[in-house]
């Protein structure tokens, strides 16, 4: 069986459940139902991909809620969740999603974490080293071939605008993905001195159509047909293997491989669609303010997550903007056993 065919493990045919530790998930209350208006076409579908795990489940559901609440055609949105959990635990995650959104159109795909464990090198924050953080690289293999375009969203963000506007970003014939770019950032700092001193590695940026700029991979519109045709998964893996097996060329998780492959070739999107960094830096997670300008998407990238700070009584001012989308039930927690 080809290696990439192992990426998708069918969730309809489970192996026998094995004994394991109890799997604790919180209770979530049901979100309001959101319906399409009369101008929504049944043929215009929006596909959104997100990761799904116990640690970030609360953030994922808040993100879904925010998307639906502000969408002009919420029933036209298909969600594609990617998980690395066991089939039994994925069933628990599925029930949690359904408890919050009984009529949501969604699928859950199991990502084989072993495909990237041997390619991940230690970074500045442990959360960045989790295999699920690399699943976005494999969306073209995980999602059905009928999904030609997908909007990838991290699990620590909320939208306050209609997702259809972001979804409709024109990629044209030459762009594989679109994302907000930040050309004022010090691009060289995302790679080690060893990288820049190497005789050939820096030349990867020589033939780019524009100046290579930093972009955040938590919000990306991706043309999956072009991705498949260009075998971009393999291109990203190549840099991961260099980092792991040859020489350390970066310090920051799954972001640098994306910069190495796409920086200078990204279709730019307005900054309003990724007001990122609200979680502070990757070490301290201190409070931050919004960047100047309009806001359509707030992103708590960085160490500090709003649900944790709210629970600990150490909320930052902007965490209050996330709180209305929190679907956590205050009636306690359920302990879901895998046995």
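Residue numbers (my numbering): 1 to 339.
By construction, the Cβ of each residue, glycine as well, lies at the ideal position given by its N, Cα and C atoms.
Anticipated Cβ contact below 8 Å, residue i with residue j, distance rounded
i           : j           : result
residue 150 : residue 111 : Contact flag wrong, Cβ pair sits at about 15 Å.
residue 44  : residue 76  : 6 Å
residue 53  : residue 85  : 6 Å
residue 25  : residue 96  : 5 Å
residue 223 : residue 176 : 5 Å
residue 279 : residue 305 : 6 Å
residue 31  : residue 101 : 6 Å
Three-state class that DSSP yields for residue i in the structure shown
i           : result
residue 268 : strand
residue 189 : helix
residue 177 : strand
residue 195 : helix
residue 317 : coil
residue 286 : coil
residue 166 : helix
residue 202 : helix
residue 347 : Here the chain has residues from 1 to 339 only, and residue 347 is not among them.
residue 323 : helix
Pairwise C-alpha distance: residue j and residue i
i           : j           : result
residue 109 : residue 142 : 7 Å
residue 98  : residue 152 : 21 Å
residue 190 : residue 213 : 11 Å
residue 287 : residue 193 : 30 Å
residue 188 : residue 209 : 18 Å
residue 313 : residue 57  : 20 Å
residue 205 : residue 263 : 8 Å
residue 29  : residue 62  : 11 Å
residue 275 : residue 167 : 17 Å
residue 71  : residue 180 : 20 Å
residue 119 : residue 241 : 6 Å
residue 197 : residue 247 : 12 Å
residue 221 : residue 269 : 10 Å
residue 297 : residue 328 : 21 Å
residue 92  : residue 239 : 35 Å
residue 137 : residue 161 : 26 Å
residue 48  : residue 289 : 27 Å
residue 341 : residue 79  : This structure cannot speak to residue 341, because the chain is shown only from 1 to 339.
residue 36  : residue 107 : 20 Å
residue 128 : residue 140 : 21 Å
residue 41  : residue 94  : 28 Å
residue 285 : residue 303 : 5 Å
residue 318 : residue 293 : 15 Å
residue 283 : residue 90  : 30 Å
residue 260 : residue 237 : 11 Å
residue 219 : residue 134 : 14 Å
residue 117 : residue 253 : 12 Å
residue 132 : residue 146 : 23 Å
residue 265 : residue 172 : 12 Å
residue 154 : residue 33  : 23 Å
residue 257 : residue 113 : 18 Å
residue 345 : residue 115 : Since the first and last residues shown for the chain are 1 and 339, residue 345 lies out of range.
residue 225 : residue 148 : 5 Å
residue 46  : residue 201 : 37 Å
residue 182 : residue 311 : 32 Å
Those residues which DSSP pairs with residue i across a bridge
i           : result
residue 310 : Paired residue(s): none; residue 310 is not in a bridge.
residue 150 : 222
residue 49  : 80, 152
residue 182 : 214
residue 299 : 157
residue 328 : 28
Proximity test, residue i beta-carbon vs the ligand MG heavy atom, cut-off 7 Å
i           : result
residue 259 : Judged by which ligands are present, the structure shown has none, so any question about the ligand MG falls away.
Item to check | Minimum length 4: unbroken alpha helix (DSSP H) runs contained in the stretch 54-140 | outcome: Within the stretch 54-140, the complete alpha helix (DSSP H) segments of 4 residues or longer fall at 57-70, 87-100, 114-117, listed in chain order.
request  = Let me know the alpha helix (DSSP H) ranges lying completely inside the stretch 204-284, each 4 residues or longer, listed in chain order.
outcome  = If only complete runs of 4 or more residues are kept, the stretch 204-284 shows the alpha helix (DSSP H) at 224-230, 232-245, 255-262, in order along the chain.
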